[in-house]
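Numbering (UniProt numbering), first residue to last: 1 to 200.
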C-alpha cells in the first residue's frame, strides 16, 4: 500500500483568496513577500479577501487586470511577479543584479533573445548604470519606478515556471557581489510565482 502526499484542495468555481502559506508554506518569516504574490493573484482573479500577514491585516480588492481567460486560472505570470517585486522592494535602488534578473525575466516572458527597446529590462539597465554613478540614495531610481505596471510594459507574458525561476535566480546571483539573491527581490518573486503555479 503506497502512501501519498496530502493534496491541496483544487480551486472551486468561486475563487478563494490565496494566502501567504499557499505560496511559501507555514512558519517562514518572510510574510510580506508571500503576501505580495498572493495579493497580485487575488487582484487579477477579482477575489476580495483579508488575512493577517506579518502581524498586519492585509486586504485585497478586485481590480481590472488581464482577463482570466488570457492564462490558465491560478497561474501567476512573470510580469505579475515583477509587479509583486515593486510591492516588496519598491523603495530599494536598482543595481546591476536587479537589472540582470529583470532582463532574464523579460527574455523568458517574451521569448525574445534581445532586450525590448523601452521595456523593463532596458529601463532597469539604464537605472542601474545611473545609480552606480549617484552617491545619494534619495536620488537613485528605485525598483518600484521600474517595475510598476510591468505586465503592461512587456510585449508578451507567460506564467512563471520552475525553469524561468532558475534562469532569473542564476542571473541575479551571477551579478551580485555576494553571489546571493535578495529577500523579496526579482528572483524571489519569480520563484514564489513558479512555486504557486506548480501547486495549482
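Every residue gets a Cβ at the ideal spot worked out from N, C-alpha and C, and that includes glycine.
Beta-carbon to beta-carbon, residue 150 and residue 120 are separated by about 5 Å, close enough to satisfy the 8 Å threshold. Looking at the DSSP output, residue 158 sits in no beta bridge, so it has no partner there. If you look at residue 98, you'll find it in the alpha helix (DSSP H) that goes 96–110.
Around the Cβ of residue 172, a 10 Å sphere holds 16 or more other Cβ atoms; the residue is buried. Sixteen is the threshold: when 16 or more other Cβ atoms of the shown chains lie within 10 Å of the Cβ of residue 85, as they do, the residue is buried. About 19 Å separates the beta carbons of residue 93 and residue 153, which is beyond the 8 Å limit, so they are not a contact pair. According to the DSSP secondary-structure assignment, residue 153 is paired through a beta bridge with no residue. Excluding residues up to 5 positions away in sequence, nothing lies with its Cβ nearer than 7 Å to the Cβ of residue 129 in the same chain.
Within a 10 Å sphere around the beta-carbon of residue 195 sit 16 or more other beta-carbons, which makes this residue buried. Of the residues assessed, residue 113 falls on the exposed side of the cut-off, its CB having fewer than 16 other CB atoms within 10 angstroms.
DSSP places residue 77 within a strand segment (E or B) once states are collapsed to three.
One alpha carbon belongs to residue 158, the other to residue 181, and they sit about 23 Å apart. For the set 91, 105, 95, the Cα lying nearest the Cα of residue 161 is the one of 105. For residue 142, the pairing in a beta bridge is given by DSSP as 93.
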